[in-house]
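S.K.: Please read through the structure below; I'll follow up with questions.
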Amino acid sequence: MADEPDPPNTDDDKAPPPVAPSDEAAASAAPGAAPTAGREEAVGAGEAATREGATSENAPPQPPDFGQRVAAFFDGARMMIVPALMLAAVFLFSVGVVIWDGLRKIRAPRNLRETAVWAGWGAGATAAVAAGFFFYVTWGMPSARDVWEARQGQSITFVDRDNTVLLIEGAENALPVNLAQLPDYVSQAFLAIEDRRFYQHMGVDIGGLMRAGGANLRAGRVVQGGSTITQQLAKNIFLTNERTWRRKLQEVALALWLEGQYSKDDILALYLSRVYFGAGAYGIEAAAQRYFDRPARELTLAQAAVLAGLVKAPSRLNPAQQDQAAARGRAVVVLNEMVSLNYITPEEREAALNEPLAISQENPWQNLGYFRDYIDPLLDEVIGDARDDFIVETTLDLTAQRAGEAAVNRVVAEGGERRVSQGALVSLDGDGGVRAMIGGLAYGKEDGESEFNRVTQAQRQPGSSFKFFIYLAAMEQGFTPWTVRDDAPITIGDWSPGNYEEKYNGPVQLTSAFQHSMNMVAIRVALETGGANVIDVARRLGVRSPLFNYRSLALGAQEMNLMELTASYAAMSNGGYRVEPHGVVRIRRASGQTVWRWRPENRTRVIEDRQRRYMNLLMSRAVEAGTGTRARIEGRAIGGKTGTTNDYRDAWFIGFTPGLTTGVWVGNDDHRIRMARVTGGQLPAEIWREYMEVALRRLPAEPIELPTAEDYAVGPAMERGIEGVVQRPAVVGAPIGPSALGTVENPPDDRDRSLDFGPEG
Numbered sequence: 000m001a002d003e004p005d006p007p008n009t010d011d012d013k014a015p016p017p018v019a020p021s022d023e024a025a026a027s028a029a030p031g032a033a034p035t036a037g038r039e040e041a042v043g044a045g046e047a048a049t050r051e052g053a054t055s056e057n058a059p060p061q062p063p064d065f066g067q068r069v070a071a072f073f074d075g076a077r078m079m080i081v082p083a084l085m086l087a088a089v090f091l092f093s094v095g096v097v098i099w100d101g102l103r104k105i106r107a108p109r110n111l112r113e114t115a116v117w118a119g120w121g122a123g124a125t126a127a128v129a130a131g132f133f134f135y136v137t138w139g140m141p142s143a144r145d146v147w148e149a150r151q152g153q154s155i156t157f158v159d160r161d162n163t164v165l166l167i168e169g170a171e172n173a174l175p176v177n178l179a180q181l182p183d184y185v186s187q188a189f190l191a192i193e194d195r196r197f198y199q200h201m202g203v204d205i206g207g208l209m210r211a212g213g214a215n216l217r218a219g220r221v222v223q224g225g226s227t228i229t230q231q232l233a234k235n236i237f238l239t240n241e242r243t244w245r246r247k248l249q250e251v252a253l254a255l256w257l258e259g260q261y262s263k264d265d266i267l268a269l270y271l272s273r274v275y276f277g278a279g280a281y282g283i284e285a286a287a288q289r290y291f292d293r294p295a296r297e298l299t300l301a302q303a304a305v306l307a308g309l310v311k312a313p314s315r316l317n318p319a320q321q322d323q324a325a326a327r328g329r330a331v332v333v334l335n336e337m338v339s340l341n342y343i344t345p346e347e348r349e350a351a352l353n354e355p356l357a358i359s360q361e362n363p364w365q366n367l368g369y370f371r372d373y374i375d376p377l378l379d380e381v382i383g384d385a386r387d388d389f390i391v392e393t394t395l396d397l398t399a400q401r402a403g404e405a406a407v408n409r410v411v412a413e414g415g416e417r418r419v420s421q422g423a424l425v426s427l428d429g430d431g432g433v434r435a436m437i438g439g440l441a442y443g444k445e446d447g448e449s450e451f452n453r454v455t456q457a458q459r460q461p462g463s464s465f466k467f468f469i470y471l472a473a474m475e476q477g478f479t480p481w482t483v484r485d486d487a488p489i490t491i492g493d494w495s496p497g498n499y500e501e502k503y504n505g506p507v508q509l510t511s512a513f514q515h516s517m518n519m520v521a522i523r524v525a526l527e528t529g530g531a532n533v534i535d536v537a538r539r540l541g542v543r544s545p546l547f548n549y550r551s552l553a554l555g556a557q558e559m560n561l562m563e564l565t566a567s568y569a570a571m572s573n574g575g576y577r578v579e580p581h582g583v584v585r586i587r588r589a590s591g592q593t594v595w596r597w598r599p600e601n602r603t604r605v606i607e608d609r610q611r612r613y614m615n616l617l618m619s620r621a622v623e624a625g626t627g628t629r630a631r632i633e634g635r636a637i638g639g640k641t642g643t644t645n646d647y648r649d650a651w652f653i654g655f656t657p658g659l660t661t662g663v664w665v666g667n668d669d670h671r672i673r674m675a676r677v678t679g680g681q682l683p684a685e686i687w688r689e690y691m692e693v694a695l696r697r698l699p700a701e702p703i704e705l706p707t708a709e710d711y712a713v714g715p716a717m718e719r720g721i722e723g724v725v726q727r728p729a730v731v732g733a734p735i736g737p738s739a740l741g742t743v744e745n746p747p748d749d750r751d752r753s754l755d756f757g758p759e760g
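Note that numbering that gives the first Met the number 0 has the sequence shown beginning at 0, numbered continuously upward.
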């Protein structure tokens with residue numbers, strides 16, 4: 000996942016930049032080590048090294064002592080402040096001269112009446128200044144009448160098509176935790192590191208502010224903040240992270256108001272329910288589940304210390320995304336503070352340091368990050384930064400999504416010896432709703448992960464899976480599945496593509512040519528149909544990538560992405576209507592108000608019934624006894640098409656059954672890497688079958704509509720085997736010789752012959 004920005008609750012005033020620990024410091028923070036002694040040994044070793052190597056040219060620079068830091072601070076301040084003070088002095092002197100001249104002309108009150116008038120004017124001016132200051136602080140400040148309903152930012156709950164919660168993003172409006180159910184050391188850990196005088200102050204800790212100021216002066220930079228837990232709560236639920244004096248004054252005002260309205264335990268409980276811990280976890284309960292896979296009431300002392308330490312900088316200290324050493328080091332500080340306040344004993348601290356910490360590395364979204372990115376533009380448009388709780392009803396089927404992830408990961412992992420490193424899958428229902436989207440093996444920014452969505456962003460050659468458009472265009476121009484064409488060499492100008500194995504089948508019906516993915520027949524059909532007509536069909540069905548009427552169009556040598564190819568096939572699963580891929584059905588507020596609902600922009604029939612039945616025959620034969628036999632599922636009527644590009648760079652299988660269409664791609668992000676003879680009828684078809692066996696669990700088995708007796712009567716009689724000469728549509732460009740009627744049926748196999756062309760294919 001991408002690193003989230005520091006959330007609203009992070010106290011910026013007390014979050015210094017991280018300092019990389021030395022090897023000795025890291026060792027001292029390890030379980031079983033005594034932190035205090037370890038630090039003393041490290042410091043002593045550093046001093047010894049300084050004494051021994053003081054004259055060495057390679058001696059590391061030593062940190063300045065307190066006096067040097069103070070001197071450096073004032074030197075820097077002098078360089079900046081003195082010129083400003085000089086300008087201010089000149090300005091104030093000029094203003095003072097004007098005011099003095101005016102005051103000299105004002106006579107002093109001479110009697111009681113004039114004294115009373117002057118006193119009234121003074122009181123009025125004082126009241127005006129006080130009122131102005133009050134309005135300056137409070138203007139635009141949110142109402143604090145109902146703190147339990149206040150929220151910072153927005154909460155978005157994502158649910159799948161069965162209303163199963165996928166993820167909750169943002170500040171969930173959680174109920175306050177029950178302190179009585181938590182071990183005492185959980186709340187004590189937060190008090191020790193965040194606000195040790197919580198039960199003594201009234202919302203603002205003057206002593207804490209003075210201590211923080213002294214620590215910052217000694218360090219020469221901001222290392223501590225003086226905000227109390229009450230102030231942090233006020234900022235988290237009412238204010239923003241704006242760094243201004245006005246925001247700070249508002250924070251103080253709200254903190255004092257909270258202390259007057261609620262008990263200390265209520266404030267602490269609400270704080271623990273709202274504070275941000277990184278990785279999308281708001282509140283101690285969500286954090287305990289996210290990092291340790293357990294409820295908050297079962298947290299150990301060491302785990303509580305880690306969570307308390309995260310509040311300072313949840314993004315930087317997140318142990319699930321960063322090196323755990325930083326989080327452990329911060330936990331040591333928490334434990335030491337707890338000992339100093341007598342919350343725990345030194346022995347309990349040592350036991351906590353020796354406790355192994357197993358941080359859950361599970362990404363809550365898993366590979367759903369690809370889908371989340373896919374719907375993000377819509378959420379930005381509809382929700383934006385509205386401060387409210389929203390529920391996003393998605394089209395996902397969580398069970399199917401997990402099955403798709405498992406299938407892609409397993410098959411690609413087993414295909415490593417065949418030089419396969421990536422895979423992608425997208426599944427669409429009859430309306431174009433995304434049932435599953437796997438954009439790659441792992442979503443994220445770590446090594447081996449990627450946020451690049453191979454469903455929507457990868458432009459690759461579809462190979463023979465493009466033949467769907469060629470044959471559909473032909474059927475619309477009068478071809479039928481029984482039309483016969485030669486599987487024989489073709490010469491077009493200086494282009495003479497040939498079969499890879501120099502084997503040809505002679506006259507074959509289009510059903511057989513499609514079933515076994517014969518390239519020479521596809522080229523002939525595309526030439527006779529016309530490349531412009533093929534492109535028009537692809538456009539009508541939903542392809543938006545650039546397509547050009549080149550002679551290699553018939554071989555699928557022009558790039559497109561998996562989403563548009565799968566969406567085009569989806570028209571075969573819903574009666575011939577174009578689909579609009581989408582991932583969200585409805586967006587509503589938690590109150591129930593619908594703010595957006597998906598409606599198809601253009602419910603258009605793009606495939607007529609007869610041509611659809613013809614293509615159903617061709618595509619079902621490809622699965623039953625052609626190149627896609629590995630996608631067969633017992634009891635299911637399936638149609639589909641394999642695709643493999645030149646030099647085995649890409650392998651595809653796009654298949655459908657009534658109501659559901661799924662596309663699969665495998666290959667490598669580096670298109671120069673050739674797979675070891677992996678075809679679309681192999682790994683992609685295996686992934687497709689494994690996924691669809693789960694995705695179809697609730698859909699009834701329905702037949703695919705095949706040609707009727709009336710469909711068989713369409714077309715010239717000689718195409719149906721009555722006469723001995725085959726009639727063809729007019730040939731455009733290609734020298735095609737005569738053929739005798741008849742077919743040469745090849746034995747069923749899973750060989751994808753989309754590679755059977757010359758080096759220019």
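Backbone N, C-alpha and C define an ideal beta-carbon position, used for all residues, glycine too.
Computed from a prediction, not measured in an experiment: that's the story for all the values here.
Beta-carbon within less than 8 Å of G658's beta-carbon, same chain only, minus the 5 sequence neighbours each way: which residues are those?
M.R.: Position 659 of the sequence shown, counting from 1, holds the residue named residue 658. Closer than 8 Å at the Cβ level, and outside the excluded window around G658, lie D428, G429, S572, N573, L698 and E701.
S.K.: Closer than 9 Å, CB to CB, is G202 near chain D or not?
M.R.: Among the chains of the structure shown, chain D does not appear; only one protein chain is present.
S.K.: Please confirm whether W664 and R453 have their CB atoms less than 9 Å apart.
M.R.: Position 665 of the sequence shown, counting from 1, holds the residue named residue 664. Position 454 of the sequence shown, counting from 1, holds the residue named residue 453. Yes, Cβ-Cβ distance for W664 and R453 is below 9 Å.
S.K.: Alpha carbon to alpha carbon, what distance is there between G443 and E450?
M.R.: The count along the sequence shown starts at 1 and reaches residue 450 at position 451. The count along the sequence shown starts at 1 and reaches residue 443 at position 444. Cα to Cα, the separation comes out at about 6 Å.
S.K.: Whose C-alpha, out of A525, L546, D486 and R673, is nearest the C-alpha of Q458?
M.R.: Your numbering for residue 458 matches position 459 in the sequence shown. Per the Cα distances, L546.
S.K.: Opposite W762 in the DSSP bridges: which residues?
M.R.: Look at the range of the chain in this structure, 0 to 760, and you will see that residue 762 is not part of it.
S.K.: Put T707 into one of helix, strand or coil per three-state DSSP.
M.R.: Here the question's residue 707 lines up with position 708 in the sequence shown. T707: coil per DSSP, three-state reduction.
S.K.: Does R612 come out as helix, strand or coil in the three-state DSSP assignment?
M.R.: By one-based count along the sequence shown, residue 612 stands at place 613. Helix.
S.K.: Compute the Euclidean distance between the alpha carbons of P318 and I358, then round it to the nearest angstrom.
M.R.: In the sequence shown, residue 318 corresponds to position 319, counting from 1. In the sequence shown, residue 358 corresponds to position 359, counting from 1. Distance between the alpha carbons of P318 and I358: 7 Å.
S.K.: What did DSSP end up calling V176 once you bin it into helix, strand or coil?
M.R.: Residue numbering aside, residue 176 sits at position 177 when the sequence shown is read from its first letter. If DSSP states are grouped into helix, strand and coil, V176 belongs with coil.
S.K.: I need the DSSP call for L190, collapsed to helix, strand or coil.
M.R.: The residue labelled residue 190 in the question sits at position 191 within the sequence shown. In this structure, L190 counts as helix in the three-state DSSP scheme.
S.K.: So what does DSSP say about V677, is it helix, strand or coil?
M.R.: Within the sequence shown, residue 677 is the residue found at index 678, counting from 1. Correct three-state label for V677: coil.
S.K.: Which residues in the same chain have their Cβ closer than 8 Å to the Cβ of P294, if we skip the five residues on either side of it in sequence?
M.R.: Sequence index remark: in the sequence shown, residue 294 carries index 295 (1-based). Leaving aside the five residues that flank P294 on each side, the residues in its chain whose CB is nearer than 8 Å to its CB run, in chain order, E284, A287 and Q288.
S.K.: Would you call the CB atoms of R264 and L181 closer than 9 Å?
M.R.: Taking the sequence shown and counting its residues from 1, the one referred to as residue 264 is at position 265. Taking the sequence shown and counting its residues from 1, the one referred to as residue 181 is at position 182. Residue 264 is actually Asp in this sequence, not Arg. Not a contact, by the Cβ cut-off of 9 Å.
S.K.: Excluding sequence positions up to five away, which residues of its chain have a Cβ less than 7 Å from the Cβ of I632?
M.R.: The sequence position of residue 632 within the sequence shown is 633, counting from 1. The answer, listed in chain order, is R688, M691 and E692.
S.K.: So the beta strand (DSSP E) F465 belongs to, where does it begin and stop?
M.R.: Here the question's residue 465 lines up with position 466 in the sequence shown. Unbroken run through F465: none, as it is neither H nor E.
S.K.: Write down every uninterrupted run of the beta strand (DSSP E) in the segment 501-536 whose length is 3 residues or greater and which is fully enclosed by it, in chain order.
M.R.: 505-508
S.K.: Measure how close the beta-carbons of T678 and T628 come, nearest whole angstrom, since I'm counting them as under 8 Å.
M.R.: Residue numbering aside, residue 678 sits at position 679 when the sequence shown is read from its first letter. Residue numbering aside, residue 628 sits at position 629 when the sequence shown is read from its first letter. Contact doesn't hold; Cβ gap of about 12 Å is too wide.
S.K.: For the putative contact between H581 and T394, defined by C-beta atoms under 8 Å, what is the C-beta separation to the nearest angstrom?
M.R.: Here residue 581 refers to the residue found at position 582 when the sequence shown is read from its first residue. Here residue 394 refers to the residue found at position 395 when the sequence shown is read from its first residue. Confirmed, Cβ separation roughly 7 Å.
S.K.: List, from N- to C-terminal side, the beta strand (DSSP E) runs of 3 residues or more that fit wholly inside the segment 566-608.
M.R.: 583-588 and 593-596, all fully within the segment 566-608.
S.K.: State the start and end residues of the unbroken beta strand (DSSP E) segment that holds I653.
M.R.: By one-based count along the sequence shown, residue 653 stands at place 654. Per DSSP, I653 belongs to the beta strand (DSSP E) from D649 to T656.
S.K.: Between T676 and Y647, how many whole angstroms is the CB-CB distance? I'm expecting something under 8 Å.
M.R.: Here the question's residue 676 lines up with position 677 in the sequence shown. Here the question's residue 647 lines up with position 648 in the sequence shown. Before going further, note that residue 676 is Arg rather than Thr in the sequence given. Sure, about 6 Å apart at Cβ, within 8 Å.
S.K.: Note down the Cα distance separating F465 from G541, rounded to an integer number of angstroms.
M.R.: The sequence position of residue 465 within the sequence shown is 466, counting from 1. The sequence position of residue 541 within the sequence shown is 542, counting from 1. When rounded, the distance between both Cα atoms is 13 Å.
S.K.: Taking one C-beta from the segment 417-436 and one from the segment 558-578 each time, how about it: are there three or more such pairs within less than 8 Å?
M.R.: yes
S.K.: Give me the Cβ distance between Y470 and V524, rounded to the nearest whole Å; I'm assuming they're in contact under 8 Å.
M.R.: In the sequence shown, residue 470 corresponds to position 471, counting from 1. In the sequence shown, residue 524 corresponds to position 525, counting from 1. Confirmed, Cβ separation roughly 7 Å.
S.K.: If you follow the alpha helix (DSSP H) that G662 is part of, which residue opens it and which one closes it?
M.R.: Counted from its first residue, the sequence shown places residue 662 at position 663. Unbroken run through G662 is the beta strand (DSSP E), L659 to G666; no alpha helix (DSSP H).
S.K.: Between D194 and D396, what straight-line distance do the alpha-carbon atoms span, to the nearest angstrom?
M.R.: Within the sequence shown, numbered from 1, the residue matching residue 194 stands at position 195. Within the sequence shown, numbered from 1, the residue matching residue 396 stands at position 397. D194 and D396 have their alpha carbons spaced roughly 45 Å apart.
S.K.: For Q421, write down the residues that DSSP places opposite it in a beta bridge.
M.R.: Taking the sequence shown and counting its residues from 1, the one referred to as residue 421 is at position 422. Answer by DSSP bridge pairing, in chain order: G666.
S.K.: With a threshold of 16 other CB atoms inside 10 Å of the CB of V407, please say whether the residue is buried or exposed.
M.R.: Working through the sequence shown from its first residue, we reach residue 407 at position 408. Looking at its Cβ environment, which holds 16 or more other Cβ atoms inside 10 Å, V407 is buried.
S.K.: What is the DSSP secondary structure of T398, counted as helix, strand or coil?
M.R.: Numbered from 1 along the sequence shown, position 399 holds the residue referred to as residue 398. Helix.
S.K.: Rounded to a whole number of angstroms, what is the C-alpha to C-alpha distance between A351 and D372?
M.R.: Within the sequence shown, numbered from 1, the residue matching residue 351 stands at position 352. Within the sequence shown, numbered from 1, the residue matching residue 372 stands at position 373. Straight-line Cα distance between these residues: approximately 40 Å.
S.K.: Quick one: grab the DSSP three-state call for K640.
M.R.: Translated into positions along the sequence shown, residue 640 becomes position 641. Strand at K640.
S.K.: Let's test the definition: count the other Cβ atoms within 10 Å of the Cβ of K502 and tell me whether it reaches 16, buried, or not, exposed.
M.R.: Working through the sequence shown from its first residue, we reach residue 502 at position 503. When all chains shown are included, K502 counts as exposed.
S.K.: Can L91 and A191 be called in contact, C-beta distance under 9 Å?
M.R.: Residue numbering aside, residue 91 sits at position 92 when the sequence shown is read from its first letter. Residue numbering aside, residue 191 sits at position 192 when the sequence shown is read from its first letter. Result no, Cβ atoms of L91 and A191 do not sit closer than 9 Å.
S.K.: Go ahead and label N548 buried or exposed: buried means 16 or more other beta carbons lie within 10 angstroms of its beta carbon, across all protein chains shown.
M.R.: The residue you call residue 548 lines up with position 549 of the sequence shown. Exposed, because fewer than 16 other Cβ atoms sit within 10 Å of the Cβ of N548.
S.K.: Confirm, please, whether the CB-CB distance from G625 to Q508 is below 9 Å.
M.R.: Reading the sequence shown from its first residue, position 509 is the one you call residue 508. Reading the sequence shown from its first residue, position 626 is the one you call residue 625. Result no, Cβ atoms of Q508 and G625 do not sit closer than 9 Å.
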